[in-house]
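Participant:
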Amino acid sequence: MSHSTTVVGLDVHKDSISAAVLQPEARSFALTTKFANEPGEVRRFVGRLARFAPLEFVYEAGPCGYQLHRELAALGERCTVIAPAMTPKTPGDRVKTDRRDAEKLAQLHRAGQLTPVRVPTREEEAARDLTRVREDALVDRLRARHRLSKFLLRQGLIWRETKNWGVKHRAWIRQQRFDFEALQRSFESYVRAVEEAEARLADLDRQVLELAQQPAWKDVVSRLRSLKGIDTLSALILAVEVQDFRRFSKVRQFMGFTGLVSREYSSGNSVRRGHITKVGNAHVRRVLVEAAWNYSRGTATGPVLAKRREGCSQEVLSIARRAQERLTRKFRKLSGRGKLRQIIVVSVARELAGFVWAVGQTMP
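Residues are numbered in the working numbering as their position in the sequence shown, beginning at 1, plus a constant of 1.
Put into structure tokens, the structure is as follows:
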């Protein structure tokens, strides 16, 4: 950012935007105001700031998305969206207002202490929303199944023969009948909710798989699928959430983005490390942790994985094979030490993030 640029901090809410204008080298704010979060009001506000040009706007990523960024870009203004979890906080500051938040953003951005996020294109955001809707549908199916299972449990009906939700379990559920009409209606309602959730999830799975074949995603998905534990759905989630692997110049940056690195509090001769930070993209973290379980099964390359690797470059195949050997060896080594499997999986997922990053760097 140029030293001659005026910084405009924005605290954005659904109905209003609070703004604080900080001129170059100034200690006090030239203007603090509040206006409606509407395109017309945004245009009028930008017009009022013509005398302060050049301008740079800054606001935190949040539930209002990137619409304000796009409105400002359409007006020819520069705008930076920053990661709220990485905003420095003063322990002794116990007063929070929209105006103070806008002022703090302007001051910290001018000092270079904020972490910007990459603003996706509309196409990228649309693809990401589809995969997230699919994840929501997965949660809805789980909840519907739980409600039905707990209803049957309250009636003393427990399935013990095979795993739940297999063919035999479903046939057993369909056979249930109840004496009271109200109870039968409740049962049928729970069954219908499960069937509707499964149908919705199946439809979304089909749409996501179709999206993965589109030119914008096909290449990166095919490369990521070469890694053990990552198939089409997982690969697409990684692709749409990360968007551009090259924005992480170092593997440690990508690992930090996943939230799989350990917390640390070190001072003097004392070094303390704790649980993972979980600061970053939760969707990417979940995919990596789920994929890490596959490295407990040995180094053999089955026919399904071999089929996924067909057509990949030697560079990608080399990364995938190294990942398979190294992570399987790590899983066995930590298991031999008696580590908890949950801890082992997170440790393997962290290293898997490094191999995902390496595959992403092969993109043209």
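Built from N, CA and C at the ideal position, the CB exists for glycine as well. None of the values given here were measured: they were computed from a predicted structure.
Mark F46 as exposed unless 16 or more other C-beta atoms lie within 10 angstroms of its C-beta, in which case mark it buried.
Facilitator: Position 45 of the sequence shown, counted from the first residue, corresponds to residue 46. By the 10 Å Cβ count, F46 comes out buried.
Participant: With a floor of 3 residues, list each beta strand (DSSP E) that falls wholly inside the stretch 38 to 110, ordered by position along the chain.
Facilitator: Entirely contained in the stretch 38 to 110, the beta strand (DSSP E) runs reaching 3 residues are, in chain order, 56 to 61 and 79 to 83.
Participant: If L76 and V9 are in contact, beta carbons under 8 Å, what's the gap, nearest whole angstrom?
Facilitator: On the sequence shown, position 75 is the one that residue 76 refers to. On the sequence shown, position 8 is the one that residue 9 refers to. About 12 Å; that fails the 8 Å criterion.
Participant: Would you say A240 and V222 are within 8 Å of each other, going by their C-beta atoms?
Facilitator: Against the sequence shown, residue 240 aligns to sequence position 239. Against the sequence shown, residue 222 aligns to sequence position 221. The answer is yes: Cβ separation under 8 Å.
Participant: Please classify S150 as buried or exposed, where buried requires at least 16 neighbouring CB atoms within 10 angstroms.
Facilitator: To locate residue 150, count along the sequence shown from 1; it is residue 149. Per the 10 Å Cβ criterion, buried.
Participant: Report all residues from its chain with a CB closer than 7 Å to the CB of F255; omit the five preceding and five following residues, and keep chain order.
Facilitator: Here residue 255 corresponds to residue number 254 of the sequence shown, with the count starting at 1. Correct list, in chain order: F249, A354 and W358.
Participant: Report yes if the CB atom of L225 is closer than 8 Å to the CB atom of T132, and no otherwise.
Facilitator: Here residue 225 refers to the residue found at position 224 of the sequence shown. Here residue 132 refers to the residue found at position 131 of the sequence shown. For L225 and T132, no; Cβs fall outside 8 Å.
Participant: Please classify G157: is it buried, with 16 or more other beta-carbons within 10 angstroms of its beta-carbon, or exposed?
Facilitator: Position 156 of the sequence shown, counted from the first residue, corresponds to residue 157. It is exposed - the Cβ of G157 has fewer than 16 other Cβ atoms within 10 Å.
Participant: According to the neighbour-count rule (16 or more other Cβ atoms, all chains shown, within 10 Å of its Cβ), is K105 buried or exposed?
Facilitator: Residue 105 sits at position 104 when you count from the first residue of the sequence shown. It counts as buried.
Participant: Quick one: using the 10 Å Cβ neighbour count with 16 as the cut-off for buried, is R142 buried or exposed?
Facilitator: Taking the first residue of the sequence shown as 1, we reach residue 142 at position 141. The residue is buried, with at least 16 neighbouring Cβ atoms inside 10 Å.
Participant: Flag this pair as touching only if the stretch 108 to 125 and the stretch 256 to 271 have three or more C-beta atom pairs under 8 Å; answer yes or no.
Facilitator: No, they do not touch.
Participant: Measuring only the C-alpha atoms, how far is R298 from P304?
Facilitator: Position 297 of the sequence shown holds residue 298. Position 303 of the sequence shown holds residue 304. Approximately 15 Å between the Cα atoms of the pair.
Participant: R277 by DSSP, collapsed to three states: which one?
Facilitator: Along the sequence shown, one-based indexing puts residue 277 at 276. Reading off the sequence shown, one finds Ile at residue 277, where the question assumed Arg. If DSSP states are grouped into helix, strand and coil, I277 belongs with the strands.
Participant: Kindly indicate which three-state DSSP category D232 falls into: helix, strand or coil?
Facilitator: Looking up residue 232 in the sequence shown gives position 231. The answer is coil: DSSP assigns D232 none of H, G, I, E or B.
Participant: Just to confirm my understanding: we take R273, look at its own chain, exclude 5 residues before and 5 after, and list those with CB closer than 6 Å. What are they?
Facilitator: Locating residue 273 in the sequence shown gives position 272, where the first residue counts as 1. The answer, listed in chain order, is Y266.
Participant: Checking 8 Å against the spacing of the C-beta atoms, do T259 and G281 come in under that value?
Facilitator: On the sequence shown, residue 259 is found 258 positions in, with the first residue counted as 1. On the sequence shown, residue 281 is found 280 positions in, with the first residue counted as 1. For T259 and G281, yes; Cβs fall inside 8 Å.
Participant: Does the stretch 308 to 320 come into contact with the stretch 284 to 299, if we say contact requires no fewer than three beta-carbon pairs (one atom in each stretch) closer than 8 Å?
Facilitator: The stretch 308 to 320, when compared against the stretch 284 to 299, does not touch it at the 8 Å Cβ threshold.
Participant: So, under 8 Å CB-CB, P55 and T88 are touching, yes? Tell me the CB distance rounded to an integer number of Å.
Facilitator: Here residue 55 is taken as the residue at index 54 of the sequence shown, counted from 1. Here residue 88 is taken as the residue at index 87 of the sequence shown, counted from 1. P55 to T88, Cβ: 24 Å. No contact.
Participant: Starting from the Cα of Q244, find the closest Cα among E182, R119, S19 and E42 and give me that residue.
Facilitator: Along the sequence shown, read from residue 1 onward, the residue named residue 244 stands at position 243. Of the candidates E182, R119, S19 and E42, the one whose C-alpha sits nearest the C-alpha of Q244 is R119.
Participant: Taking a contact to mean a Cβ-Cβ separation below 8 Å, would you say E61 touches P85 in this structure?
Facilitator: Sequence index remark: in the sequence shown, residue 61 carries index 60 (1-based). Sequence index remark: in the sequence shown, residue 85 carries index 84 (1-based). A contact, by the Cβ cut-off of 8 Å.
Participant: So what does DSSP say about V8, is it helix, strand or coil?
Facilitator: Position 7 of the sequence shown, counted from the first residue, corresponds to residue 8. Here V8 sits in strand by DSSP.
Participant: What did DSSP end up calling R144 once you bin it into helix, strand or coil?
Facilitator: The count along the sequence shown starts at 1 and reaches residue 144 at position 143. Helix, per DSSP.
Participant: Can you give the beta carbon distance from L289 to A213, rounded, assuming they're within the 8 Å contact cut?
Facilitator: Stepping through the sequence shown from its first residue, residue 289 is reached at position 288. Stepping through the sequence shown from its first residue, residue 213 is reached at position 212. Not quite, the Cβ-Cβ distance comes to about 18 Å (not below 8 Å), so this is no contact.
Participant: Hey, is the stretch 92 to 111 in contact with the stretch 9 to 20, meaning 3+ C-beta pairs nearer than 8 Å?
Facilitator: A contact exists between the stretch 92 to 111 and the stretch 9 to 20.
Participant: CB E242 to CB R129, shorter than 8 Å?
Facilitator: Taking the sequence shown and counting its residues from 1, the one referred to as residue 242 is at position 241. Taking the sequence shown and counting its residues from 1, the one referred to as residue 129 is at position 128. Contact flag set, yes.
Participant: Alpha carbon to alpha carbon, how far is A301 from R171?
Facilitator: Translated into positions along the sequence shown, residue 301 becomes position 300. Translated into positions along the sequence shown, residue 171 becomes position 170. Roughly 34 Å separates the two Cα atoms.
Participant: Relative to the alpha-carbon of Q325, which residue among I345, E352 and P25 has its alpha-carbon at the smallest distance?
Facilitator: One-based indexing of the sequence shown puts residue 325 at position 324. Per the Cα distances, E352.
Participant: Comparing alpha-carbon positions, which option in S235, T163 and G63 lies nearest E291?
Facilitator: Counting from 1 along the sequence shown, the entry for residue 291 is found at position 290. Of the listed residues, the one whose Cα sits closest to E291 is S235.
Participant: Quick one: what's got a C-beta closer than 6 Å to R148's C-beta in the same chain, skipping five residues either side?
Facilitator: Here residue 148 corresponds to residue number 147 of the sequence shown, with the count starting at 1. Cβ within range, chain order: Y191.
Participant: Threshold first: 4 residues or longer. Then list the alpha helix (DSSP H) segments lying entirely within the stretch 167 to 252, N to C.
Facilitator: Taking only runs of at least 4 residues, the alpha helix (DSSP H) segments lying wholly in the stretch 167 to 252 are 168 to 175, 182 to 213, 216 to 225 and 233 to 243.
Participant: Below 8 Å CB to CB, which residues in the same chain sit around K164 once its five sequence neighbours on both sides are set aside?
Facilitator: Against the sequence shown, residue 164 aligns to sequence position 163. Cβ within range, chain order: H170.
Participant: When you compare the CB positions of Q185 and R178, do they come within less than 8 Å of one another, or not?
Facilitator: Residue numbering aside, residue 185 sits at position 184 when the sequence shown is read from its first letter. Residue numbering aside, residue 178 sits at position 177 when the sequence shown is read from its first letter. A contact, by the Cβ cut-off of 8 Å.
Participant: S348: buried (16+ other C-beta within 10 angstroms of its C-beta) or exposed?
Facilitator: Taking the sequence shown and counting its residues from 1, the one referred to as residue 348 is at position 347. Buried.
Participant: Under 8 Å between the Cβ atoms of R287 and L261?
Facilitator: Here the question's residue 287 lines up with position 286 in the sequence shown. Here the question's residue 261 lines up with position 260 in the sequence shown. No, Cβ-Cβ distance for R287 and L261 is not below 8 Å.
Participant: Give the DSSP-derived three-state secondary structure of A21 in the structure shown.
Facilitator: Indexing the sequence shown from 1 puts residue 21 at position 20. If DSSP states are grouped into helix, strand and coil, A21 belongs with the strands.
Participant: Considering only the alpha carbon of each residue, which of E136, Q68, F58 and Q176 lies closest to H284?
Facilitator: Locating residue 284 in the sequence shown gives position 283, counting from the first residue. Looking at the Cα atoms, E136 is the closest of the given residues.
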